[in-house]
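Trainee: For the sequence shown, our numbering begins at 180 and goes up steadily by one.
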Amino acid sequence: MTDNRPFYPHSLNEAKRNDDVETYYQSHRANVECKQAIENIIDKNYDGYRLKPDLAKQMIQQFGFDRTAYVLASSIQQKDFDGRISANNKSWAKEIFVPKDIVAGLDRRGEFLIGQHSGLLDIFANQYRKEYLALNLWDKEQVHLADGLDFEKKVLVLKPSVLNEQHKTRDEQLFYAVGGFGCMPNKTGRKVMGEFLLDGENAHFYREDFMGEAKAELLPAWAKEKLVQKEKPSETRASVLDKLQEKKADVTHTAKPPTKDKEVR
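Encoded structure:
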């Protein structure tokens, strides 16, 4: 059964500042349960010599890619001294930001620290990363990074963590920006307005939600065709912005229109 509780990758103090305390507590409880489930599945599937394959797939199906990665990465980060965990997995874990979460003098990250033998944790992390790589999502080597980049009229790549589980696909990461202060690297505004290139659905995100601009030579044929259409004179920046303003009440950074059932975090 899939756990539908929200995933909240911030501390309790951050949640209090943003009035997200209930979301934080739901997510934290789910993190702890994910940790317990990983420990249980390892216990039941380790025969003393080897760990059965495809265990991570079961955890992903239950808790999702984001939460499973968060719990794994946090556990590996707290075992950075341990030579039984590979350098590759330590490097991977460091790329996932897991903030300190100090409450009453204790760091609550310890509540979802996986307690198994570090060698088994390493094997399980390898299984997870294999499943994630199978998604074939865009990575930082395939984009022009966002730093200093003008986003306007560019095909941008959303970070995988922004999209909900059912929409973590290579095609749905592509977003065509048409305006907003977040398009400019030197503006204080963060909002980037535009549409999903795949289906033309209007939305807005924040500048930090994007990896950068997709490298043109790596765009699929369908995306190149849509880009050509958008560059025709009939498709003006003003007309697209007008459409976005009309739907402003229905579109937010945290949820796509319910008619499309494509929620984003």
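Beta carbons: idealized from backbone N, C-alpha and C, even for Gly.
Find out if the Cβ-Cβ distance for the pair F303, I221 is shorter than 8 angstroms.
Mentor: Here residue 303 is taken as the residue at index 124 of the sequence shown, counted from 1. Here residue 221 is taken as the residue at index 42 of the sequence shown, counted from 1. Taking 8 angstroms as the Cβ cut-off, F303 and I221 qualify as a contacting pair.
Trainee: Between the segment 257-268 and the segment 327-344, do at least 3 Cβ pairs fall closer than 8 angstroms?
Mentor: Output reads no: the segment 327-344 does not touch the segment 257-268.
Trainee: Mind checking G289: buried by the 16 CB within 10 Å criterion, or exposed?
Mentor: Stepping through the sequence shown from its first residue, residue 289 is reached at position 110. Burial call: exposed.
Trainee: If I'm right that E392 touches H323 with Cβ under 8 angstroms, what's the distance once you round it to whole angstroms?
Mentor: In the sequence shown, counting from the first residue as 1, residue 392 sits at position 213. In the sequence shown, counting from the first residue as 1, residue 323 sits at position 144. Contact holds; Cβ gap of about 4 angstroms.
Trainee: Within the same chain, show all residues whose beta-carbon is closer than 8 angstroms to that of Q282, passing over the 5 residues directly before and after it, in chain order.
Mentor: The sequence position of residue 282 within the sequence shown is 103, counting from 1. Here the sequence assigns Val to residue 282, which means Gln is not the residue at that position. So the qualifying residues of the chain are L191.
Trainee: Cβ of I293 within 8 angstroms of Cβ of V357?
Mentor: Position 114 of the sequence shown, counted from the first residue, corresponds to residue 293. Position 178 of the sequence shown, counted from the first residue, corresponds to residue 357. Their beta carbons are not under 8 angstroms apart, which means I293 does not touch V357 by this criterion.
Trainee: Counting Cβ pairs closer than 8 angstroms, one from the segment 225-240 and one from the segment 189-206, do we hit at least three?
Mentor: No, because fewer than three Cβ pairs between the segment 225-240 and the segment 189-206 fall closer than 8 angstroms, the two stretches do not touch.
Trainee: Using a Cβ-Cβ cut-off of 7 angstroms (strictly less than) and excluding sequence neighbours within five positions of F131, which residues of its own chain qualify?
Mentor: The shown model of the chain, from 180 to 444, leaves out residue 131, and the question about it has no answer.
Trainee: Find out if the Cβ-Cβ distance for the pair K370, Y385 is shorter than 8 angstroms.
Mentor: Here residue 370 refers to the residue found at position 191 when the sequence shown is read from its first residue. Here residue 385 refers to the residue found at position 206 when the sequence shown is read from its first residue. Their beta carbons are under 8 angstroms apart, which means K370 touches Y385 by this criterion.
Trainee: Can Q130 and K273 be called in contact, C-beta distance under 8 angstroms?
Mentor: What is shown of the chain runs 180 to 444, which leaves residue 130 out entirely.
Trainee: For a quick check, are the C-beta atoms of R349 and D301 less than 8 angstroms apart?
Mentor: Position 170 of the sequence shown, counted from the start, is the residue given in the question as residue 349. Position 122 of the sequence shown, counted from the start, is the residue given in the question as residue 301. In this structure, D301 does not lie closer than 8 angstroms to R349 by Cβ.
Trainee: In angstroms, rounded to a whole number, what distance separates the CA positions of R196 and P188?
Mentor: For the purposes of this step, residue 196 is taken as residue 17 along the sequence shown, with counting starting at 1. For the purposes of this step, residue 188 is taken as residue 9 along the sequence shown, with counting starting at 1. Cα-Cα distance, rounded: 14 angstroms.
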